[in-house]
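Accompanying notes for the structure given below.
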Amino acid sequence: MAEQQMQEGGSGEVTAEARRIRAIPNAITQSVKGAKVVVAVGKKKTAIAKAVVKSGVGRVRINGVPVEIWPIEMARLKMMEPIILAGKLASSVDIEISVRGGGFMGQASAVRMAIARGLLEYFQDQNLYNLFSVYDESMIKGDHRRTEPKKPGLKHARSKRQKAYR
74 MAEQQMQEGG SGEVTAEARR IRAIPNAITQ SVKGAKVVVA VGKKKTAIAK
124 AVVKSGVGRV RINGVPVEIW PIEMARLKMM EPIILAGKLA SSVDIEISVR
174 GGGFMGQASA VRMAIARGLL EYFQDQNLYN LFSVYDESMI KGDHRRTEPK
224 KPGLKHARSK RQKAYR
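Residue numbers (the working numbering): 74 to 239.
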């Protein structure tokens, strides 16, 4: 991307947008026998998903199960969002995802993030980055919130016994 800007008569400086797409955290690009392979990670609460993106025909498998037959429809639709947004780009790659930990919606969010990061790293497309970030920032960026621990003497983290002042 930076080389392209320099050839177009730019000042040689890499813009903030070009830097942003290159600085996708938790994505590694490898070359295995001449084929490009990208490994991306997505996390939500305690769920961790690892996506391997490589050239193919558009297959998406989660823990060995095709995403089309994933049992929970709401989670399946959430996981398919980056694939639907990417359109024809996503149909030219195969994505293998392994996910563990958390509940089914936390896993769905982690898978969605891993797929989006993997596609961004694989294609290095600024338009795709803009599309994902306008649609939903959490598709690319992580969510640092965690469950607050329960306190001793209370039923939940912040619940307290009701007081009566009369």
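For every residue, glycine included, the Cβ atom is placed at its ideal position computed from N, Cα and C.
* When you compare each of 219, 199 and 238 to residue 213 by their alpha carbons, which one comes out closest? -> That would be 199, whose Cα lies nearest to the Cα of residue 213.
* **residue 132 versus residue 168: straight-line alpha-carbon distance, rounded** => The straight-line gap from Cα to Cα measures roughly 6 angstroms.
* Pairwise C-alpha distance: residue 222 and residue 33 -> Residue coverage of the chain in this structure runs from 74 to 239, which leaves residue 33 outside it and unanswerable.
* **Spatial distance of residue 104 from residue 231 (CA atoms)** => Between the C-alpha atoms of residue 104 and residue 231 there is a straight-line separation of about 50 angstroms.
* Check the DSSP bridge columns for residue 187 and list the partner residues they point to. => Paired residue(s): none; residue 187 is not in a bridge.
* Quick one: what's got a C-beta closer than 8 angstroms to residue 166's C-beta in the same chain, skipping five residues either side? -> If we look at residue 166 and ignore the five residues flanking it on each side, its Cβ neighbours are 126, 127, 128, 129, 131, 192 and 195.
* Asked: By Cβ distance, which residues of its chain are closer than 7 angstroms to residue 184, with the 5 residues on each side in sequence left out?
  -> Only 115, 122, 135, 152, 170 and 172 meet the Cβ criterion.
* Following the continuous beta strand (DSSP E) through residue 207, name the residue where it begins and the one where it ends. => First-last for residue 207: 199 to 208, but that is the alpha helix (DSSP H), not the beta strand (DSSP E).
* Straight-line Cα distance separating residue 238 from residue 177 -> When rounded, the distance between both Cα atoms is 43 angstroms.
* To do: Please work out which residues of its chain come closer than 6 angstroms, Cβ to Cβ, to residue 161, disregarding the five sequence neighbours upstream and downstream, and give them in chain order.
  => Excluding sequence neighbours, residue 161 sits near nothing in its chain.
* Per DSSP, the bridge partner or partners of residue 141 -> Bridge partners of residue 141 according to DSSP: none are assigned.
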